[in-house]
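In this note's numbering, the protein residues as written are 3 to 396. Yeah, the Cβ is synthetic: ideal placement off N, Cα and C, and Gly gets one too.
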Amino acid sequence: MQTAAKAPRPKGSVWTDPKARAWIFQLIAIVAVVAMGWFLYSNTMINLEKRGITTGFAFLNNTAGFGIAQHLIDYTETDSYGRVFVIGLLNTLLVSVIGIVMATLLGFVLGIARLAPNWLVSRLATIYIEIFRNIPPLLQILFWYFAVMLSLPGPRQSLGIFENFYLNSRGLYMPAPSISDIFGLFLAALALAIVAIIVLARWAKARREATGKIFPVTLASIGILLLVPGLAVVIAGSPIDWTAPKLTGFNFTGGWVLIPELIALTLALTMYTAAFIAEIVRAGIQSVSHGQTEAASSLGLPPGRILRLVVIPQALRVIIPPLTSQYLNLAKNSSLAAAIGYPEMVSLFAGTVLNQTGQAIEVIAITMSVYLAISISISMLMNWYNKRIALIER
Numbered sequence: 003m004q005t006a007a008k009a010p011r012p013k014g015s016v017w018t019d020p021k022a023r024a025w026i027f028q029l030i031a032i033v034a035v036v037a038m039g040w041f042l043y044s045n046t047m048i049n050l051e052k053r054g055i056t057t058g059f060a061f062l063n064n065t066a067g068f069g070i071a072q073h074l075i076d077y078t079e080t081d082s083y084g085r086v087f088v089i090g091l092l093n094t095l096l097v098s099v100i101g102i103v104m105a106t107l108l109g110f111v112l113g114i115a116r117l118a119p120n121w122l123v124s125r126l127a128t129i130y131i132e133i134f135r136n137i138p139p140l141l142q143i144l145f146w147y148f149a150v151m152l153s154l155p156g157p158r159q160s161l162g163i164f165e166n167f168y169l170n171s172r173g174l175y176m177p178a179p180s181i182s183d184i185f186g187l188f189l190a191a192l193a194l195a196i197v198a199i200i201v202l203a204r205w206a207k208a209r210r211e212a213t214g215k216i217f218p219v220t221l222a223s224i225g226i227l228l229l230v231p232g233l234a235v236v237i238a239g240s241p242i243d244w245t246a247p248k249l250t251g252f253n254f255t256g257g258w259v260l261i262p263e264l265i266a267l268t269l270a271l272t273m274y275t276a277a278f279i280a281e282i283v284r285a286g287i288q289s290v291s292h293g294q295t296e297a298a299s300s301l302g303l304p305p306g307r308i309l310r311l312v313v314i315p316q317a318l319r320v321i322i323p324p325l326t327s328q329y330l331n332l333a334k335n336s337s338l339a340a341a342i343g344y345p346e347m348v349s350l351f352a353g354t355v356l357n358q359t360g361q362a363i364e365v366i367a368i369t370m371s372v373y374l375a376i377s378i379s380i381s382m383l384m385n386w387y388n389k390r391i392a393l394i395e396r
């Protein structure tokens, strides 16, 4: 049976061709965006030139001339604005990393506790979640800073913790570590312990798949991690020397100090974000079919192993995507530290440096780029992990 040949499409204008119209509209949109960007740029440069404001990033080499309460790298008032930028970035990353780790641990505990069969534990977790997630983070930061940290006694009346830790209105003072000569031997012992744990975990997995018998990998790993480096310490001595803080006059000298702004900001962001993570964990666990837990129970697995080996691995596929958003929120909420003067990117670089130099466009552009880079990095890392734990169809 012969089919009729397609009749050629009659030629018309480009406006009657959907593909041609799509290309034209896209080109018009691109030209409009470029034109708007050029207009804003030229208008900005003209206005800056009229007011005698210089542009560019040469100001980063100028001397800062002010002190910073907390800096993870060496800093003096004669250093440049570029070094101030690095210090602000490191302080922002410090709060973000500590907050993410602590909020994750606390959030998982609260999420599991809310589903606990114990009525008291479940209600306490619910009360915590409903309180802390419904109070704005800025108010929580102000509470921890003004109502808690600044109300502590002075250095002479410090609260002693384990004899070498001292908490007062100026922060938390703690012993500072310094590397000794045998630190390399300790690292070698630690690396050997990690290799042994990896080998043990692979052997236990192969044994479980072959025989169905479960080996206590967690307890054995903790034992190896304590035993091997512990033997190195017993044989060769301590790999770290500690310098304890001492009260000299009206303040402590020596050791490390966590300033009250850092403590208040970390506590507030951790407790606020943990409340949201707890709800995400609860939803992820409840998304796992109840038949999975019943099947695991029928095999004789105890509740702890059912949660760790059956429920949590499946719940993670539901937990990870919204958990990424909470990590991003915590990193961006660290900018609220400007309210209590913690020297991070916004208060230090987009605040003090901007006021001293007047380079508003450059400073704000750098600050926005930093937060964009941090957010994209967190998203890429979490997306990689999400793909790694995703179910693979066979």
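Three-state secondary structure (DSSP) of residue i
{"i": "Y130", "result": "helix"}
{"i": "Y77", "result": "coil"}
{"i": "I380", "result": "helix"}
{"i": "A193", "result": "helix"}
{"i": "T326", "result": "helix"}
{"i": "F59", "result": "coil"}
{"i": "Y147", "result": "helix"}
{"i": "L152", "result": "coil"}
{"i": "F254", "result": "strand"}
{"i": "P241", "result": "coil"}
{"i": "F188", "result": "helix"}
{"i": "A178", "result": "strand"}
{"i": "F167", "result": "strand"}
{"i": "L112", "result": "helix"}
Beta-carbon separation (whole angstroms), residue i vs residue j, contact threshold 8 Å
{"i": "A285", "j": "I131", "result": "Not really, about 12 Å apart at Cβ, beyond 8 Å."}
{"i": "V99", "j": "G173", "result": "With a Cβ gap of about 19 Å, V99 and G173 do not count as contacting."}
{"i": "F61", "j": "Q361", "result": "5 Å"}
{"i": "I102", "j": "Y329", "result": "5 Å"}
{"i": "P262", "j": "I184", "result": "The Cβ separation is near 36 Å, so there is no contact."}
{"i": "I224", "j": "L117", "result": "In fact, because the Cβ distance is near 26 Å, the residues do not count as touching under 8 Å."}
{"i": "I226", "j": "A198", "result": "5 Å"}
{"i": "A340", "j": "L144", "result": "Contact doesn't hold; Cβ gap of about 12 Å is too wide."}
{"i": "A127", "j": "A115", "result": "4 Å"}
Cβ shell of residue i (< 6 Å), same chain only, five flanking positions each side left out
{"i": "L74", "result": "L92"}
{"i": "L154", "result": "N170, S171"}
{"i": "A178", "result": "T245, G257, W258"}
{"i": "D243", "result": "S180, S182"}
{"i": "M3", "result": "Because M3 carries a pLDDT of 48, less than 50, the predicted location of this residue cannot be relied on, and the following value inherits that uncertainty. Taken in chain order, the list of residues that qualify is empty."}
{"i": "V290", "result": "V313, Q316, A317"}
Close-in-space but distant-in-sequence residues of the same chain around residue i (CB under 7 Å, 5 per side omitted)
{"i": "F254", "result": "P157, Y168, Y175, P247, K248"}
{"i": "Q72", "result": "N93, I261, L264, P345"}
{"i": "V355", "result": "Y83, V86, V365"}
{"i": "M151", "result": "S171, P262, I265, A266"}
Own chain, CB closer than 8 Å to residue i, minus 5 neighbours either side, in chain order
{"i": "L350", "result": "I70, V86, I89, G90, N93"}
{"i": "L95", "result": "I376"}
C-alpha gap between residue i and residue j, whole angstroms
{"i": "L202", "j": "V219", "result": "7 Å"}
{"i": "L311", "j": "S381", "result": "26 Å"}
{"i": "I418", "j": "N63", "result": "Outside the shown range of the chain (3 to 396) lies residue 418, about which nothing can therefore be said."}
{"i": "W146", "j": "V97", "result": "15 Å"}
{"i": "Y43", "j": "V36", "result": "10 Å"}
{"i": "L29", "j": "G84", "result": "40 Å"}
{"i": "I196", "j": "F217", "result": "18 Å"}
{"i": "F252", "j": "I265", "result": "21 Å"}
{"i": "G239", "j": "A66", "result": "44 Å"}
{"i": "R53", "j": "I363", "result": "14 Å"}
{"i": "K215", "j": "L108", "result": "32 Å"}
{"i": "Q294", "j": "L269", "result": "37 Å"}
{"i": "E296", "j": "Q316", "result": "15 Å"}
{"i": "A392", "j": "R319", "result": "6 Å"}
{"i": "K389", "j": "S379", "result": "15 Å"}
{"i": "Y56", "j": "L50", "result": "Note that residue 56 is Thr in the sequence shown here, rather than Tyr. In a straight line, the C-alpha of T56 is about 7 Å away from that of L50."}
{"i": "T18", "j": "W40", "result": "33 Å"}
Could you check whether the region 301–314 touches the region 265–281, counting it as contact only if at least three pairs of C-beta atoms, one from each stretch, sit closer than 8 Å? Not touching, per the Cβ criterion.
Does the region 316–324 come close enough to the region 380–389 to have 3 or more Cβ pairs within less than 8 Å? Taking a contact to require three or more Cβ pairs closer than 8 Å, the region 316–324 and the region 380–389 qualify as touching.
Could you tell me whether the region 265–273 touches the region 184–199, using the rule of 3 or more Cβ pairs below 8 Å? Judged by Cβ distances under 8 Å, the region 265–273 makes no contact with the region 184–199, as fewer than three pairs qualify.
Okay, do the region 133–150 and the region 231–239 touch, 3+ Cβ pairs below 8 Å being the bar? No contact exists between the region 133–150 and the region 231–239.
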